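Numbering-wise (the working numbering), the sequence shown opens with residue -6 and increments by one.
Cβ atoms here follow ideal geometry from the backbone N, Cα and C, with glycine treated the same way.
This structure is a prediction, so every number in the text was calculated from the model and none was measured.
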Amino acid sequence: MEFEEVIFNRRSKRRFIDKEVEDEKIKKLLDAAMAAPSAHNKQPWHFVVIKDNETMDKIMDFHKYSKMLEDAPLAIAVCGDKNAYKDFWVQDCSAATQNLLLMAEDLELGAVWLGVYPVEQYYTKLADLLELPDNIVPLNVVAVGYPERASKKLDRYDKEKVHHEKFGNN
Ligand SMILES: Cc1cc2nc3c(=O)[nH]c(=O)nc-3n(C[C@H](O)[C@H](O)[C@H](O)COP(=O)(O)O)c2cc1C
């Protein structure tokens, strides 16, 4: 897929067909995530690969906007190591997540980012469920699968959001 197609076609996918994601594709998703930039190149990320339906069910029990896990054959929890470089782990792991989402699009998979951190009741419950050490915080869960439908090109360009030299000069 062309780079621009990947960027502009990517949309959140919340409906998946009944098909496993192959291990080689999971490896590519993780490889892309770990290619992200990070402050001081600390790469403070960890990824918990979840295929177990029971774990998905437990996430749905406490996360209000996670119903797509019902169908998803795969979920990846993107977690940050607070001890690696505490100020920027959220940005680093967000960059990793975006890389993962774009790789999913390129592999003709569908994915959606489920926000976890900084909602305390989400990240504490998920940390318990995944048995994370104290220094590892879950930023999100990415649900992944083969989408029911492909998405079309997106145009969100808004000149009002672009300011030349000073704010307000659109
Ligand atoms: C920080 C963050 C948290 C999100 N949390 C959820 C979520 O809990 N559940 C969900 O269905 N989508 C979630 N999303 C996906 C957004 O709803 C989605 O990206 C947005 O509606 C734009 O649509 P698009 O991804 O198709 O471009 C989240 C996205 C981000 C970046």
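One or two residues paired with residue i in a DSSP bridge
i    : result
F9   : P140
F40  : V71
I129 : D74
L119 : None, per the DSSP bridge assignment.
L166 : An answer regarding residue 166 cannot be provided, because it is not within the stretch -6 to 163 covered by the chain.
For residue i, the nearest candidate out of the options (CA to CA)
i     : options                   : result
L22   : L93, D50 and A120         : L93
P66   : Y115, K18, Q84 and D127   : K18
K152  : K145, S144, N162 and A143 : N162
G108  : V83, K154 and D99         : V83
E(-5) : V134, F81, K159 and L100  : L100
V71   : E113, S59, S87 and A143   : S87
L119  : K51, L62 and F160         : K51
Q91   : E15, A29 and S144         : A29
Residue i, DSSP secondary structure in three states
i     : result
A77   : coil
V(-1) : helix
V155  : coil
N46   : helix
A29   : coil
A65   : coil
L94   : helix
L22   : helix
D99   : helix
Any chain C beta carbon closer than 8 Å to residue i
i    : result
T117 : The structure shown contains no chain C; it is built from a single protein chain.
Exposed unless 16 or more other CB atoms sit within 10 angstroms - verdict on residue i
i    : result
M96  : buried
I0   : exposed
K79  : exposed
Y103 : Correcting the residue identity first, residue 103 is Gly in this sequence and not Tyr. It is buried - the Cβ of G103 has at least 16 other Cβ atoms within 10 Å.
Y150 : exposed
D74  : buried
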